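Numbers 270 to 599, taken from my numbering, label the letters of the sequence shown in order.
In this text, a Cβ means the ideal position worked out from N, Cα and C, and glycines have one as well.
Everything numeric in this text was worked out from a predicted model, so none of it was measured.
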Amino acid sequence: MTRTSARQRAAWAVTAAREFARKPFVRRATTVFQYALLGCVVVYLIFRLAEVGWSEVIEELPASPLFYLIFTLRYLALPLSEIPTYEIVWRRPLWRYFSAFLRKRVYNFAVMGYSGEGFFTLWARRNLDLSDREILVGVKDNNLISALVSNIATALLVLTLFFSGRLMEELDALPGSAVLFALAFASAFSLAIAVIVFRRQIMDLPDGVMPKLMAINAFRITLVLSLHILLYWSALPGPPLSSWFIFVALQLVLSRVPFVPNLDIVFLTAAIHLSETVDVPEAAIAGMLVAEAGLSQIFNFALFAATTHLALNRRGNETPDSAETPGDPR
Numbered sequence: 270m271t272r273t274s275a276r277q278r279a280a281w282a283v284t285a286a287r288e289f290a291r292k293p294f295v296r297r298a299t300t301v302f303q304y305a306l307l308g309c310v311v312v313y314l315i316f317r318l319a320e321v322g323w324s325e326v327i328e329e330l331p332a333s334p335l336f337y338l339i340f341t342l343r344y345l346a347l348p349l350s351e352i353p354t355y356e357i358v359w360r361r362p363l364w365r366y367f368s369a370f371l372r373k374r375v376y377n378f379a380v381m382g383y384s385g386e387g388f389f390t391l392w393a394r395r396n397l398d399l400s401d402r403e404i405l406v407g408v409k410d411n412n413l414i415s416a417l418v419s420n421i422a423t424a425l426l427v428l429t430l431f432f433s434g435r436l437m438e439e440l441d442a443l444p445g446s447a448v449l450f451a452l453a454f455a456s457a458f459s460l461a462i463a464v465i466v467f468r469r470q471i472m473d474l475p476d477g478v479m480p481k482l483m484a485i486n487a488f489r490i491t492l493v494l495s496l497h498i499l500l501y502w503s504a505l506p507g508p509p510l511s512s513w514f515i516f517v518a519l520q521l522v523l524s525r526v527p528f529v530p531n532l533d534i535v536f537l538t539a540a541i542h543l544s545e546t547v548d549v550p551e552a553a554i555a556g557m558l559v560a561e562a563g564l565s566q567i568f569n570f571a572l573f574a575a576t577t578h579l580a581l582n583r584r585g586n587e588t589p590d591s592a593e594t595p596g597d598p599r
């Protein structure tokens, strides 16, 4: 199969998938499923926190200012690292558009995975002097590289936990985690291999660009994982730093599951089960995780409101407001 025919088939598949996703019944079904899943998670979370005791959870909220500083740095790491990758692909300065990258992050974490790419594509069409093909190829290739590095990191982290013996603690503490981790490892490993093998057929990057993008993404993932571990250590310095690898691994595995509604809430619900693995009272773990999830929702809401102007139709060609309302998974 030639490279051109492979691209034509890929383009046809993308077009067919896009047309199917635009069908009214598909949109309604996706929306209902998303809200139903998130509703079940929230109900279970409330029940679980009630079992722990709301007063105990509130009393255990982190008091260290370092916790809130590290959280802010971790929150900003993704949009700050995405700017140079898109500058490399699109060959133009983008730092003055930092707010667009913030809004993209809000969509991906607060609404649903990859909804941020939909917003970002529409935004780029209205604000950047680029052809539709340049925009779509840039978003596609950046996401493929990001997914490749993230999948490699996920596979390596799961292997590290397995050979260190810590993985069994997590599997025993969290119901259903064996299937989750097995699927995450298998999908991460297979997708990483697929992208590496077929990169010339599915990517349009010039020579020398892919290593640069991989290096930036690898640095970003290493930084985010390190900040995540330090975040928990700053709130509960009793356990050794290595104890928090289990929580970080769970968050990374969940982030590899596509179309998860509100990743922060889903992670909070799952991570509460892991208190026994670090020998810390469940109320203390719950207080720390509630503070983290609460800060995430506050940041998401505040930044979504602060970047609403980015949804305005500048050129009059599209009106994406209806396509980027929080909760709409398109």
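Among residues of its own chain, excluding the 5 on either side of residue i, which ones have a beta-carbon nearer than 8 Å to its beta-carbon?
| i | result |
| --- | --- |
| histidine 497 | Arg343, Trp513, Phe516, Val517 and Gln520 |
| valine 418 | Met483, Asn486, Ala487 and Ile490 |
Where do the N-terminal and C-terminal ends of the alpha helix (DSSP H) with residue i fall, by residue?
| i | result |
| --- | --- |
| tryptophan 392 | 384-396 |
| histidine 578 | Counting along the chain, histidine 578 falls outside any alpha helix (DSSP H), and DSSP gives it neither H nor E. |
| threonine 491 | 478-504 |
| leucine 428 | 401-433 |
| leucine 521 | 514-524 |
| glutamate 356 | 334-359 |
| isoleucine 465 | 446-466 |
Using 10 angstroms around the beta-carbon of residue i, count the other beta-carbons present and answer buried if the total reaches 16, otherwise exposed.
| i | result |
| --- | --- |
| isoleucine 327 | exposed |
| isoleucine 567 | exposed |
| phenylalanine 378 | buried |
| glycine 407 | buried |
| tyrosine 355 | buried |
| tryptophan 359 | buried |
| methionine 381 | buried |
| threonine 577 | exposed |
| arginine 525 | buried |
Based on Cα-Cα distance, which residue from the options lies nearest to residue i?
| i | options | result |
| --- | --- | --- |
| phenylalanine 340 | Glu351, Met557 and Ser511 | Met557 |
| isoleucine 465 | Arg402, Ser544, Ala504 and Ala416 | Ala416 |
| leucine 428 | Asp441, Phe450, Ile414 and Ser446 | Phe450 |
| leucine 425 | Phe294, Val522, Leu474 and Arg365 | Val522 |
| phenylalanine 467 | Phe573, Val493, Asp410 and Ala422 | Asp410 |
For residue i, I'd like the list of residues in its chain whose CB is within less than 7 Å of its CB, leaving aside the five on either flank, ordered along the chain.
| i | result |
| --- | --- |
| asparagine 412 | Glu386 |
| proline 508 | Val547, Asp548 and Val549 |
| tryptophan 502 | Leu510 and Trp513 |
| leucine 579 | Ser368, Ala369, Arg372 and Trp392 |
Can you name, in chain order, every residue of its own chain whose Cβ lies under 6 Å from the Cβ of residue i, other than the five neighbours on each side?
| i | result |
| --- | --- |
| proline 506 | none |
| isoleucine 554 | Ser544 |
| leucine 564 | Phe340 |
If we count Cβ pairs, one from each stretch, closer than 8 Å, do we get three or more for the segment 375-390 versus the segment 451-464?
-> no
How about the segment 546-557 and the segment 505-512: do they share at least three Cβ pairs that are nearer than 8 Å?
-> yes
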